[in-house]
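**Q** Sending over a structure as structure tokens; questions will come in a sec.
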Amino acid sequence: MAVDAKEKRRVELAEYKFGLVAPAVNGTYPDASMAEYFRRVCAEPVGLPDGTRVRLKPSTLASWRRRYLKLGFEGLMPKGRSDLGTSRRIDADLGADVQAMRAEHPGISAKMVHERLVEEGYVAAGELSVATVQRWFRANPLPGGEAPAKDRRAFEAARVNGIWQADTLHGPHVGQPPRRAYLQAIIDDRSRKVVAARFVARDDAASFQGTLRAAVASHGVPERLFVDNGGPYRNAQLSLICGGLGIVLLHAAVRDGAAKGKVERLNRTIRMRFLSVLPEEARESLDALNSALARWVAAYNSAVHSSTGLAPNEAFAAEADRLRFLDGGEGALDEAFRNRVTRKVANDATVRVDHVLYDVPMGLVGERVELRFTPGREGDVWLAMPDGSRRRLAPTDKAANSEAPRVRPYSIDWGAGEGA
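For what it's worth, the numbering used here labels the leading residue of the sequence shown as 343, then goes sequentially.
Below, the structure written as structure tokens:
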């Protein structure tokens with residue numbers, strides 16, 4: 343579901359705040375104490391999502407931590423101006439990104455750079471003008487020589503579920519008529535275990551949320567999720583889901599997918615050892631393809647990995663006591679992975695979600711309400727109540743509504759319907 347620019351900025355700022363306090367929330371800071379960790383983070387100015395740099399106070403980080411523990415991810419979202427601190431000029435950090443674009447694409451125009459800055463989320467629409475970029479071009483000619491090499495030092499998570507890496511691989515055409523399948527895979531950085539892998543018909547945000555849900559259900563909640571900047575991975579809904587679960591969502595630098603080395607190597611292995619010898623019967627349908635993939639992944643996780651000297655299953659199981667699973671079972675998982683959207687209730691007391699109409703209490707006609715829903719699952723739509731509870735909404739039955747008596751004045755019957 344589309345999220346407007348104002349809401350996007352609120353989510354990005356909350357995501358940024360959580361990234362700073364997550365080690366204090368999860369108890370993974372390397373310092374001797376939480377206070378020492380806060381002091382170390384605040385020792386130098388930090389960059390905000392809009393590119394400005396500020397010096398934070400340890401007490402600010404402590405208050406963010408308290409708000410997250412009390413209110414969850416929403417507690418970190420600003421309530422006032424969502425554009426506070428935004429810059430309408432090109433500062434040093436944004437300028438470095440512009441120069442990188444120019445170095446990678448010699449001859450790119452100021453207008454094209456402006457379009458990419460907006461499309462790729464560097465600035466909000468209307469925040470920066472093309473004329474500003476043109477003036478900056480004239481004042482900052484591109485220096486000669488090649489762009490500096492990217493930092494490619496090897497890294498590895500300190501523990502299982504410390505980092506998950508995820509990516510998409512274009513798969514074969516399957517079914518009749520043949521349609522492209524896309525592989526979405528998630529690998530644990532420490533153990534190299536493939537915690538989720540499946541082919542999907544559409545490589546979109548909703549599909550990846552399903553892949554991530556399967557991984558969390560079977561392997562616990564990771565501390566960090568490292569992804570690229572594609573549509574399935576950079577969107578407000580995924581940020582909200584990760585924030586609610588306590589996952590720090592990390593994105594590789596733009597056009598730097600190679601930074602996710604482990605999942606990139608997994609993709610190459612799948613391409614060479616699975617797709618290159620794929621039998622024709624596996625191409626008959628998406629289900630057949632996924633059945634073949636599941637057998638291959640089971641064998642991969644059971645074989646000794648050259649980098650660790652252990653089978654991924656063995657390496658992962660060795661730290662099973664560290665895993666954090668979501669309390670509440672399937673119901674808690676459903677709630678954690680539901681998307682959220684704001685809708686205005688129509689005059690006929692309905693809202694539309696995923697092209698389906700749902701009945702809302704008549705007393706809410708004309709009001710804007712927050713809904714929680716699972717994409718593609720008809721009937722799993724919930725109205726967020728003022729007290730934090732949920733009320734399931736029923737799909738509109740126009741035939742039944744035609745027989746229902748009309749009662750005035752209308753009132754909101756919060757007690758009716760199913761709660762969550």
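From the three backbone atoms N, C-alpha and C, an ideal C-beta is built for every residue, glycine too.
Out of curiosity, what's the CA-to-CA distance linking Ser320 and Val683?
**A** A question about residue 320 goes unanswered here, because the residues of the chain that appear run from 343 up to 762.
**Q** Does the region 469-478 come close enough to the region 638-647 that 3 or more CB-CB pairs lie under 8 Å?
**A** Taking 8 Å as the limit for Cβ pairs, the verdict is that the region 469-478 does not touch the region 638-647.
**Q** Buried or exposed: where does Met614 fall if 16 or more other Cβ atoms within 10 Å of its Cβ makes it buried?
**A** Here residue 614 corresponds to residue number 272 of the sequence shown, with the count starting at 1. Exposed is the call here.
**Q** Under a CB-based cut-off of 7 Å, is Leu635 close to chain C?
**A** Chain labels in this structure do not include chain C; a single protein chain is all it has.
**Q** Hey, quick one: how far does the alpha helix (DSSP H) through Glu622 stretch, first residue to last?
**A** For the purposes of this step, residue 622 is taken as the residue at position 280 of the sequence shown. Counting along the chain, Glu622 falls outside any alpha helix (DSSP H), and DSSP gives it neither H nor E.
**Q** Do the CB positions of Arg719 and Lys686 come within less than 7 Å of each other?
**A** As a first step, residue 719 must be located in the sequence shown, where it is residue number 377. As a first step, residue 686 must be located in the sequence shown, where it is residue number 344. No, Cβ-Cβ distance for Arg719 and Lys686 is not below 7 Å.
**Q** Considering just the uninterrupted stretch of the beta strand (DSSP E) at Gly513, what are its terminal residues?
**A** By 1-based counting over the sequence shown, the position of residue 513 is 171. Note, Gly513: beta strand (DSSP E), Ile505 to Val516.
**Q** Since Arg532 and Gly504 should fall inside the 8 Å C-beta cutoff, what is the C-beta to C-beta distance between them, to a whole number of angstroms?
**A** On the sequence shown, position 190 is the one that residue 532 refers to. On the sequence shown, position 162 is the one that residue 504 refers to. Right, the Cβ-Cβ distance comes to about 6 Å (below 8 Å), so this counts as a contact.
**Q** Quick one: give me the first and last residue of the alpha helix (DSSP H) that Val639 is part of.
**A** Residue mapping note: residue 639 aligns to position 297 of the sequence shown, counting from 1. Note, Val639: alpha helix (DSSP H), Leu628 to Ser644.
**Q** Does the count of Cβ pairs from the region 389-401 and the region 350-364 closer than 8 Å reach three?
**A** Touching, per the Cβ criterion.
**Q** Find out if the Cβ-Cβ distance for the pair Leu631, Ala624 is shorter than 7 Å.
**A** For this step, residue 631 is matched to residue 289 along the sequence shown. For this step, residue 624 is matched to residue 282 along the sequence shown. For Leu631 and Ala624, yes; Cβs fall inside 7 Å.
**Q** Where does Val501 fall in DSSP's three states?
**A** Residue mapping note: residue 501 aligns to position 159 of the sequence shown, counting from 1. According to the sequence shown, residue 501 is Arg rather than Val. Arg501: coil per DSSP, three-state reduction.
**Q** Could you give the DSSP three-state label for Leu470: helix, strand or coil?
**A** Here residue 470 refers to the residue found at position 128 of the sequence shown. Note: Leu470 maps to coil in three-state DSSP.
**Q** Please state whether the Cβ-Cβ distance between Phe679 and Arg555 is less than 7 Å.
**A** Residue mapping note: residue 679 aligns to position 337 of the sequence shown, counting from 1. Residue mapping note: residue 555 aligns to position 213 of the sequence shown, counting from 1. It is a contact, given that the beta carbons lie within the stated cut-off.
**Q** By a C-beta neighbour count over all protein chains shown, 10 Å radius and 16 as the cutoff for buried, is Gln518 buried or exposed?
**A** Locating residue 518 in the sequence shown gives position 176, counting from the first residue. So Gln518 ends up on the exposed side.
**Q** With Ala523 and Asp509 assumed to form a contact (beta carbons below 8 Å), what rounded beta-carbon distance in angstroms separates them?
**A** Numbered from 1 along the sequence shown, position 181 holds the residue referred to as residue 523. Numbered from 1 along the sequence shown, position 167 holds the residue referred to as residue 509. Ala523 to Asp509, Cβ: 15 Å. No contact.
**Q** Measuring only the C-alpha atoms, how far is Ala730 from Glu712?
**A** Taking the first residue of the sequence shown as 1, we reach residue 730 at position 388. Taking the first residue of the sequence shown as 1, we reach residue 712 at position 370. The question names Ala, but residue 730 is Gly in the sequence shown. Looking at the two C-alpha atoms, the distance is approximately 11 Å.
**Q** Once you ignore the five residues that flank Leu587 on each side, which residues in its own chain have a CB closer than 8 Å to its CB?
**A** On the sequence shown, position 245 is the one that residue 587 refers to. These residues qualify, in order along the chain: Val558, Val563, Leu668 and Ala678.
**Q** Roughly how many angstroms lie between the CA atoms of Leu413 and Ala634, to the nearest whole one?
**A** Position 71 of the sequence shown, counted from the first residue, corresponds to residue 413. Position 292 of the sequence shown, counted from the first residue, corresponds to residue 634. C-alpha separation (whole angstroms): 43 Å.
**Q** Note the first and the last residue of the continuous beta strand (DSSP E) segment covering Asp701.
**A** As a working mapping, residue 701 is identified with position 359 in the sequence shown. First-last of the beta strand (DSSP E) with Asp701: Val698 to Asp701.
**Q** Give me the DSSP bridge partner(s) of Glu661.
**A** For the purposes of this step, residue 661 is taken as the residue at position 319 of the sequence shown. According to DSSP, which records beta bridges pairwise, Glu661 is partnered with nothing at all.
**Q** According to the Cβ coordinates, are His647 and Arg534 closer than 7 Å?
**A** Translated into the one-based positions of the sequence shown, residue 647 becomes position 305. Translated into the one-based positions of the sequence shown, residue 534 becomes position 192. Yes; because the gap between Cβ atoms is below 7 Å, this pair is in contact.
**Q** Measuring only from the beta carbon, is Arg685 closer than 6 Å to any heavy atom that is part of the ligand NAD?
**A** For the structure depicted, the ligand NAD is absent and the ligand set is empty, with no information on it obtainable.
**Q** Measure the CB-CB distance between Ser644 and Ala636 and report whether it falls below 7 Å.
**A** Walking along the sequence shown from the start, residue 644 turns up at place 302. Walking along the sequence shown from the start, residue 636 turns up at place 294. For Ser644 and Ala636, no; Cβs fall outside 7 Å.
**Q** Thinking C-alpha only, which one of Ile529, Leu591, Glu565 and Leu608 is nearest Arg664?
**A** Counting from 1 along the sequence shown, the entry for residue 664 is found at position 322. Considering only alpha carbons, the answer is Glu565.
**Q** Considering just the uninterrupted stretch of the beta strand (DSSP E) at Phe380, what are its terminal residues?
**A** Taking the sequence shown and counting its residues from 1, the one referred to as residue 380 is at position 38. Run containing Phe380: none in the beta strand (DSSP E); it sits in the alpha helix (DSSP H), Met376 to Val383.
**Q** How long is the line joining the alpha carbons of Ala539 and Phe415, rounded to whole angstroms?
**A** Along the sequence shown, one-based indexing puts residue 539 at 197. Along the sequence shown, one-based indexing puts residue 415 at 73. Taking the straight line joining both Cα atoms gives about 27 Å.
**Q** Helix, strand or coil: which one does DSSP assign to Asn482?
**A** Locating residue 482 in the sequence shown gives position 140, counting from the first residue. In the structure shown, Asn482 sits in coil (DSSP, three-state: anything other than H, G, I, E or B).
**Q** Arg694: buried (16+ other C-beta within 10 angstroms of its C-beta) or exposed?
**A** As a first step, residue 694 is located in the sequence shown; it is residue number 352 there, counting from the start. The residue is exposed, with fewer than 16 neighbouring Cβ atoms inside 10 Å.
**Q** Would you kindly check if the distance between the Cβ of Gly670 and the Cβ of Phe360 is under 7 Å?
**A** Here residue 360 is taken as the residue at index 18 of the sequence shown, counted from 1. Here residue 670 is taken as the residue at index 328 of the sequence shown, counted from 1. Result no, Cβ atoms of Phe360 and Gly670 do not sit closer than 7 Å.
**Q** Am I right that Phe541 and Gly573 are in contact with their C-beta atoms under 8 Å? What's the rounded C-beta distance?
**A** One-based indexing of the sequence shown puts residue 541 at position 199. One-based indexing of the sequence shown puts residue 573 at position 231. Contact doesn't hold; Cβ gap of about 18 Å is too wide.
**Q** Got a sec, what are the start and stop residues for the alpha helix (DSSP H) His561 sits in?
**A** For the purposes of this step, residue 561 is identified with residue 219 of the sequence shown, where counting begins at 1. Ala547 to His561 is the extent of the alpha helix (DSSP H) around His561.
**Q** Within its chain, find whatever has a CB closer than 8 Å to the CB of Trp724; leave out the 5 residues flanking it on each side and keep chain order.
**A** Along the sequence shown, one-based indexing puts residue 724 at 382. If we look at Trp724 and ignore the five residues flanking it on each side, its Cβ neighbours are Arg680, Leu713, Arg714, Phe715, Arg732, Arg733, Arg734, Leu735 and Ala762.
**Q** Hey, Met443 and Arg458 are a contact pair by Cβ (cut 8 Å); roughly how many whole angstroms apart?
**A** Residue numbering aside, residue 443 sits at position 101 when the sequence shown is read from its first letter. Residue numbering aside, residue 458 sits at position 116 when the sequence shown is read from its first letter. With a Cβ gap of about 6 Å, Met443 and Arg458 count as contacting.
**Q** Check whether the Cβ atoms of Leu602 and Phe550 sit closer than 7 Å, and answer yes or no.
**A** What you label residue 602 is simply residue 260 of the sequence shown in a count that begins at 1. What you label residue 550 is simply residue 208 of the sequence shown in a count that begins at 1. The residue you asked about is not Leu; residue 602 is Lys in the sequence shown. Cβ distance not < 7 Å, so Lys602 and Phe550 don't count as in contact.
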